[in-house]
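Here the structure is laid out as structure tokens; the discussion comes afterwards.
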Amino acid sequence: MCGIIGIMSDKGPAAPRLLEGLTRLAYRGYDSAGVATLAGGALHRRRAEGKIAALAEKLAADSPPGTRGIGHTRWATHGGPTEINAHPHATDKVAVVHNGIIENHAALRVEMEAAGHVFTTQTDTEVIVHLVTENLSRGMDPRAAAFAALDRLEGAYAVVFLFADEGAPMIGGRCGTPLAVGWGEGEVFLASDSYALAPLTSRVTFLEDGDRVVVTAQEAQIVDCAGSTVERPVRTSTISAAQIGKGDHKHFMHKEIHEQPAVLGELINGLVFEPAVLEALAATPRLTMAACGTAAYACRVGAYWLESLARLPCAVDIASEFRYRTPPLPEKGAALFVSQSGETLDTLEALRYARSQGQTIISILNTIESTMERESDYVLRTHAGPEIGVASTKATAAQLTVLAGLALALAGDRPDEAAALRHLPALMVEVLERETEIAGLARVLAGFTHMLYIGRGPLYPLACEGSLKMKEISYIHAEAYAGGEFKHGPIALIDEDFPTVALAPSTDPLFDKMRSNMEELAARGGKILLLSDADGVAAMGKTATWSFAVPEVHPFTAPILYLLPLQLLAYHAALAKGTDADQPRNLAKSVTVE
Ligand code: AGP
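So this is what it looks like as structure tokens:
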């Protein structure tokens, strides 16, 4: 997901402030970055392929002048991650940064080339600068030129324009992709989110879809899709620099793994559900659930709880399939969507389909003021705080906790499960205290190129999540199967070079079934890393090649507790492999494109 920052100010050089903002946006995932500043009636661009450090080197060697500027971190969609394709894109009249996709860019490119404009990049974004430049050449003022260009665009975008004309305002616009206004003292900022604004201001306004904003150093005028000047709420962002710093952790991911006991402790103590949410869930004949990636696995774990405890039929699907198979949904039904960012386009479109089918929309979200928040009837917050690591950890644990709480709220009197949930943070601390043990096991796993994860019941989707964590940050191929399923084919893969991570608490009703599965694997030379409690480890004996004794836990909360060793296994395997745990290759924190 690309990141945008804009500074409209007369105070001090823009370049270092833009760079700081881009550093705060790096968590979104990117493969190139750039800035453009305004000075002496001219635009000054610096762009670099790769990490922000490469851009920082260029700025250190030749910092662009000016107190106003725009910056961008690019996650390539159209055109490779090269310097030439990096934003800002510019002519001598205007520079633009863009997050999203211009669906009609090809037709616009033909039109602009016919008008004599010469394109130099493979990006969709470049059409925007030529549209604005064409409008300026026809005598439009900067605001009219930008607005007319935005009127031509189809697709999802957040854009910011910086004009070479010193008297021109900075112009921003959002359609389907977030853009926020930051209010400083005698200066105004634009950015993709409040994390980027945190070092500049805590007073933030989130634009709504269709909004445009005309920014001078003194003020910002917001214009809605009907062209009317509007006021939007100004929020005080509570995101502190400490929250979006790494503290003494090597990676954000490590910090966020360690924040989980505190996050869950707060969350569990404050778990209250609006009666209207519980009524909607009690009334729906079937609960539709959809999400992507890790959030989809959280949904699948939640469905086990909702069906087994609350007897609520659930239909779970990955959002990118759900939205296109257009399934029939129950009359007066409810649909639940889970998303850390609240901006994942596939999940958003699945939500929109469910709404079109008359479903009550409930979303479990972490990031504030997201598009999904605005399009949901009810929002259940995970309150995990900013999650900067691309691989989700604390947000996932919080999603599971909200789903577990929801199942209990619907099920009624379940004192044992409720007590187990309250006890969970303490057990997580016990696991974290033994991180060194897990790190040693992770280094062993890091020596393999393939591995299997298995679990049964809600620990099956958890095994899927464990395999995703391993894949996405250590780049080791990892597959997950239900314990009872891998003998229907995948067991052919098993030999001594294909280890299996088995999730099997002895307190789980299916432990004996998992024991048989592990024996089947061991009999074929398969090596097993067993995650169980002390009794389970003792029961399995030498069948398990390696083991980690997780504190004994109620089967209800096992999927949340076992998430922790899985996260640590992946994290330390990534360390052993030397990959970037916070910004793994090819990944973005939120996928706002299809
Ligand atoms: C999480 O580790 C992954 N990076 C990814 O699967 C993520 O869960 C997925 O893209 C959904 O994101 P969301 O929760 O912001 O919607």
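Yeah, the sequence shown ends on 639 if you go by the working numbering, and it's all consecutive.
Beta carbons are placed, not taken as given, at the ideal position from N, Cα and C, and that holds for glycine.
Remember, it's a predicted structure, so these values are computed and weren't measured experimentally.
DSSP state of residue i mapped onto helix, strand, coil
i, result
"T274", "strand"
"S408", "strand"
"F297", "helix"
"E179", "helix"
"C359", "strand"
"V317", "coil"
"R368", "helix"
"C220", "strand"
"V279", "coil"
"V474", "helix"
"V141", "strand"
"Y520", "coil"
"Y202", "strand"
"I302", "helix"
"L513", "helix"
"H132", "coil"
Nearest candidate by alpha-carbon position, reference residue i, set the options
i, options, result
"G434", "E65, L67, R62, G74", "G74"
"Q628", "Y398, T68, A60, K138", "T68"
"E388", "G403, S415, L396", "S415"
"L181", "A440, A194, F531", "A194"
"S384", "R188, S437, Q402, A203", "S437"
"F206", "A619, I499, V139", "V139"
"G534", "L566, R560, G511", "L566"
"G145", "K295, A209, L224, A78", "L224"
"E639", "E65, R426, G221", "G221"
"A78", "K514, V142, D458", "V142"
"K587", "L608, P600, E564", "E564"
"R467", "K439, H132, H599, S635", "H599"
"D557", "K572, G529, L469", "G529"
"V268", "I216, L316, R459", "I216"
"Y202", "S239, D256, V155, V249", "D256"
Residue i burial status per 10 Å Cβ neighbour count (16 or more: buried)
i, result
"D553", "buried"
"C47", "buried"
"Q167", "exposed"
"S408", "buried"
"A160", "exposed"
"T371", "exposed"
"N130", "buried"
"E324", "exposed"
"S273", "exposed"
"P550", "buried"
"P306", "buried"
"R630", "exposed"
"A615", "buried"
"K295", "exposed"
Per DSSP, cross-strand counterpart(s) of residue i
i, result
"Q266", "V259"
"T250", "V226"
"T118", "G48, A78"
"S384", "L410"
"A336", "I363"
"E94", "S77"
"V546", "Y498, L574"
"W591", "L574"
"I147", "G200"
"Y526", "I499"
"H89", "T82"
"F208", "V139"
"V233", "M53, W228"
Same chain, Cβ closer than 8 Å to residue i, neighbours up to 5 away in sequence not counted
i, result
"H522", "T494, H495, M496, K516"
"M157", "F164, V172, H175, L176, E179"
"L125", "Checking the sequence, you will find Gly at residue 125 rather than Leu. If we look at G125 and ignore the five residues flanking it on each side, its Cβ neighbours are Q167."
"C337", "I363, A364, S365, S384, T389, D391, T392, V636"
Sequence-distant residues of the same chain with beta carbon closer than 6 Å to residue i, five excluded per side
i, result
"T297", "For the sequence presented, residue 297 should be read as Phe rather than Thr. Same-chain partners within the cutoff: K291, I433, G434, D627."
"S54", "T112, E232, A262"
"A621", "R488, A491"
"Q402", "L374"
"L153", "V172"
"G511", "Y498, L611"
"A121", "D76"
"R479", "none"
"A341", "I363"
"A589", "I573, L575"
Contact set for residue i: own chain, Cβ-Cβ below 7 Å, skip 5 residues either direction
i, result
"Y349", "G502, P503"
"A213", "P187"
"A328", "K377"
"Y607", "L504, L507, L548, L576, V595"
"Y526", "L497, I499, P535"
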